[in-house]
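Only one structure is covered here, and it is reproduced in the block below.
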Amino acid sequence: MGSKMDSVDDQEVEEKPLINSSKPSSGQQQEEDSHSPEPIKTTPSSLLFSLLIEPFQWLQMLSSQLNPSFIFGIVLVYGLSQGFSGSFFRVVTDYYWKDVQKVQPSMVQIYIGLYYIPWVMKPIWGLFTDVFPIKGYHRRPYFVVAGVMGCVSALLVALLGKLPISVSLACFIGITAGVAIADVTIDACIARNSIEFRSLAPDMQSLCGFCSSTGSLVGYSTSGFFVHHLGPQVSLCLLAIPPALLIVLGFVIHETRPVTASLHPEKKKAMENLVTAVRGMYTSIKCPKVWKPSLYMYLSLALSISTHEGQFYWYTDPKAGPAFSQEFIGVIYAIGAVASMLGVLIYHKTLKNYPFRNLLFLVQLLYGLSGMLDVIFIRRWNLIFGVPDSFFVIMEQSVSHIITRIRWIPMILLSTRLCPIGIEGTFFALLMCIDSLGSLSSKWGGGMALHFMHVTRTDFTNLWLVILIRNILRLATLGLIFLVPKADQSDELIPADLLTKKSDTIPIDEGLQLVSISEKHEAYIGA
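Note that our numbering has the sequence shown beginning at 6, numbered continuously upward.
Dropping the structure here:
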């Protein structure tokens with residue numbers, strides 16, 4: 006450090022004659038040395054501070070490049086509505102089916118598969134918001150509808166006592182429907198911005214993943230506490246808060262209301278837009294560059310059959326399993342949410358420049374191998390090596406969530422790359438529908454496997470075998486990697502004129518824009 010300072014001082018002395026040709030005196034030299042800049046010393050505290058402010062600097066960068074209110078919309082929908090509500094919903098409903106309704110784990114898997122029906126219908130929600138405006142508005146009324154639907158459903162199942170299974174299931178589907186409808190609009194914004202700002206597309210997906218993981222962390226951390234003190238049914242009241250804020254978001258969204266001469270031309274134009282959108286979706290999905298990666302994404306999800314409910318029942322069983330408490334179950338999932346955030350960070354820092362095929366091959370391989378940790382835990386081999394159950398399950402959940410999150414981000418980014426300009430919102434919803442079908446197939450496939458292998462509320466003899474089959478199917482998916490393009494994550498995958506060269510496709514949601522918080526009082530809904 007001293008030699009570096011000496012060289013700096015020598016440079017200042019040598020450059021000084023350019024300003025003053027007279028030789029400086031020793032006093033002047035000391036004065037100059039006293040005013041010379043001192044090196045910035047890196048201390049552990051300053052390094053920690055820089056790490057803490059880095060996410061905020063990143064958000065500031067995104068806000069400067071994109072609309073700041075667009076960032077706010079992502080945080081609200083992905084962080085609160087999907088992250089918190091989704092994680093809280095998962096734990097509370099698991100206990101609701103187990104302790105209130107007393108349902109077998111295989112049947113719970115079937116019921117959970119039905120939760121995906123609103124997500125499968127995302128193209129329909131997308132078409133409604135794109136081509137069927139309410140009082141001239143395409144977006145704001147649907148946020149209000151989503152919020153009302155979620156609030157009513159959550160309060161009904163929480164406050165009306167023990168309901169018939171069919172009614173409870175309908176309420177849970179209503180909660181997920183509210184989240185899905187709100188998600189369509191944000192996904193349309195993300196798809197369009199990913200096309201217009203290609204270099205920021207990985208950052209947008211990282212932000213979505215970070216917000217989702219943060220919300221999940223809060224939801225998982227608090228779920229066990231509320232289930233223990235309030236019971237699973239009363240705890241469902243908290244699920245009414247996120248949809249209530251979706252109603253507020255409906256007032257925050259700014260949207261230009263088109264002026265039409267009468268209602269009939271508006272309806273006629275809506276039908277024309279509907280026909281155009283359906284034709285554009287059909288044209289796009291026929292393109293090999295679109296249907297091949299879409300098929301891979303579906304099969305990679307469907308073949309990884311879900312064994313979650315069987316494992317959850319085993320976790321809480323006092324005889325066959327480790328008998329984890331309600332609070333510790335929440336802690337396990339909360340640590341998994343932290344691991345998901347770490348997965349987002351790993352992807353953002355090291356993996357976002359890798360080609361799609363190479364990255365997805367690597368994470369799919371790790372996804373299959375990491376699943377063997379579940380087999381080790383179910384067989385209790387960890388106790389042979391002296392590893393406590395609590396430590397092992399935390400380690401297993403951390404590894405699993407890191408890999409799952411790294412696997413999820415490039416698949417979502419790939420979906421945005423497959424959206425043609427003009428119908429990007431509706432087509433992205435179609436791709437998410439395909440993913441939801443994959444998740445539904447995974448849940449139902451896992452439910453059938455648990456049923457056929459006779460895994461019940463009290464018999465977990467063959468649970469490890471079901472998990473082993475799941476892991477083999479995950480590894481078998483590597484044989485389908487040829488369906489994924491070799492392109493980089495910033496490359497254009499489909500021709501820009503895919504639709505325009507065959508038909509005149511007009512961007513339907515061109516006027517959509519989120520307003521900043523300071524402008525929310527100017528937003529207006531209705532006629």
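The beta-carbon is built from N, C-alpha and C at its ideal position, and this holds for glycine as well. Nothing here was measured: the structure is a model prediction, and the numbers come from that model.
- Distance check between F317 and each of K491, T134, V80 and V460 places V460 closest, using alpha-carbon atoms only.
- Q402 is the residue among Q402, M377 and N476 whose C-alpha sits nearest the C-alpha of G335.
- Contact check for C438 and V125: beta-carbon distance about 5 angstroms, within the 8 angstroms limit, so the pair qualifies.
- Separation of Y100 and I246 (C-alpha to C-alpha, rounded to the nearest whole angstrom) is 20 angstroms.
- In summary, L52 is exposed, with fewer than 16 beta-carbon neighbours lying within 10 Å of its beta-carbon over all protein chains present.
- The residue from S171, I115, G285 and V184 with its alpha-carbon nearest to that of W130 is V184.
- Counting only residues of its own chain and dropping the five nearest sequence neighbours on each side, L498 has a CB closer than 7 angstroms to the CB of K294, R422, L423, P490 and A492.
- Excluding the 5 residues flanking it on each side, P327 has same chain C-beta neighbours closer than 7 angstroms at Y320 and D394, in chain order.
- Taking 8 angstroms as the cut-off, the Cβ atoms of V97 and S240 count as close.
- Residue environment: Q62 is assigned as exposed (fewer than 16 neighbouring CB atoms within 10 Å of its CB, all protein chains considered).
- By the Cβ rule, the segment 402 to 421 counts as touching the segment 362 to 375, because three or more pairs are nearer than 8 angstroms.
- Here the segment 230 to 244 lies against the segment 154 to 169, with 3 or more beta-carbon pairs under 8 angstroms apart.
- With a contact defined as Cβ atoms closer than 8 angstroms, I310 and G450 qualify at about 4 angstroms.
- Here the C-alpha atom of I117 lies approximately 38 angstroms from the C-alpha atom of E59.
- Taking a 10 Å sphere around the C-beta of E314, we find 16 or more other C-beta atoms and assign the residue as buried.
- Between L67 and L251 a beta carbon distance of about 22 angstroms is seen, past the 8 angstroms cut, so the two are scored as non-contacting.
- Within the same chain, Cβ atoms closer than 7 angstroms to the Cβ of A481 are found at L308, the five residues on either side in sequence being excluded.
- Looking at the DSSP output, I79 shares a beta bridge with no other residue.
- Put simply, the backbone Cα of S90 is about 15 angstroms away from that of F230.
- For secondary structure counted as the alpha helix (DSSP H) over 4 or more consecutive residues, the segment 167 to 225 holds these complete runs in sequence order: 170 to 201.
- Judged by DSSP in its simplified three-state form, I428 adopts coil rather than helix or strand.
- Boundaries for H353: no alpha helix (DSSP H) harbours it, and the DSSP string shows neither H nor E there.
- Collapsing the DSSP output to three states places I139 in a strand.
- Apart from sequence neighbours up to five positions away, the residues of its chain that approach M416 with a beta-carbon distance below 6 angstroms are M302, ordered along the chain.
- In this structure, the CA atom of F94 is about 43 angstroms from the CA atom of T48.
- Taking C-beta atoms under 8 angstroms as the contact rule, I178 and I122 qualify, at a distance of about 6 angstroms.
- Following the DSSP letters along the chain, one finds L164 inside the alpha helix (DSSP H) bounded by residues R145 to L164.
- Secondary structure of T421 (DSSP, three-state): helix.
- Distance from the CA atom of G84 to the CA atom of G214, rounded to whole angstroms, is 9 angstroms.
- Approximately 7 angstroms separates the beta-carbon atoms of L64 and I76; this is inside 8 angstroms, confirming the contact.
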